[in-house]
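Going by my numbering, the letters in the sequence shown line up with residues 13 to 106, in that order. The C-beta atom is built at its ideal place from N, Cα and C for all residues, glycine as well. Note that the structure is a prediction, hence the values are computed from the model and not measured.
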Amino acid sequence: GLARRNGGWGWRFDPATHGARRPVDAWPLLGTITAPTLIVRGGLSPILPPEMADRLRTSIPNATLVTVPNAYHHLTLDAPADFTTALEEFLDEL
Numbered sequence: 013g014l015a016r017r018n019g020g021w022g023w024r025f026d027p028a029t030h031g032a033r034r035p036v037d038a039w040p041l042l043g044t045i046t047a048p049t050l051i052v053r054g055g056l057s058p059i060l061p062p063e064m065a066d067r068l069r070t071s072i073p074n075a076t077l078v079t080v081p082n083a084y085h086h087l088t089l090d091a092p093a094d095f096t097t098a099l100e101e102f103l104d105e106l
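Here it is as structure tokens:
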């Protein structure tokens with residue numbers, strides 16, 4: 013959600029969750045996914061670089077990778093129409 017801060021708006025996060033999470037190596041589990049999977053990455057995302065996105069795609073059977081060129085990591089905020097198009101096209105193929 014959003015919270016009013018310093019005369020503007022910012023994302024509301026619970027600080028307690030940051031220290032409570034422990035890293036999990038999920039890579040070995042990706043091959044067990046059986047559902048068709050859409051991976052959408054922002055072309056400008058520093059969080060999901062192309063190499064990692066491609067590794068995701070090849071690790072998940074029946075995965076499709078779409079890159080939205082002029083978006084960062086928060087695709088639904090940066091390029092909502094492009095994200096929606098990618099999702100609709102993926103769902104139409106199911």
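Item                                                                                                                                                 : Value
So residue 84 and residue 50 are supposed to be a Cβ contact under 8 Å. How far apart are they, rounded?                                             : Contact flag wrong, Cβ pair sits at about 18 Å.
Count the C-beta pairs between the segment 31–38 and the segment 56–70 that are closer than 8 Å, then say yes if the count reaches three, no if not. : no
Going by alpha carbons, who is nearest to residue 43 out of 24, 72 and 29?                                                                           : 72
Could you tell me the alpha carbon to alpha carbon distance between residue 93 and residue 105, rounded to whole angstroms?                          : 19 Å
Under the rule that 16 or more other beta-carbon atoms within 10 Å means buried, what is residue 22, buried or exposed?                              : exposed
Just the Cα atoms here: how many angstroms apart are residue 88 and residue 80?                                                                      : 11 Å
When DSSP builds the beta bridges, which residues end up paired with residue 21?                                                                     : 16
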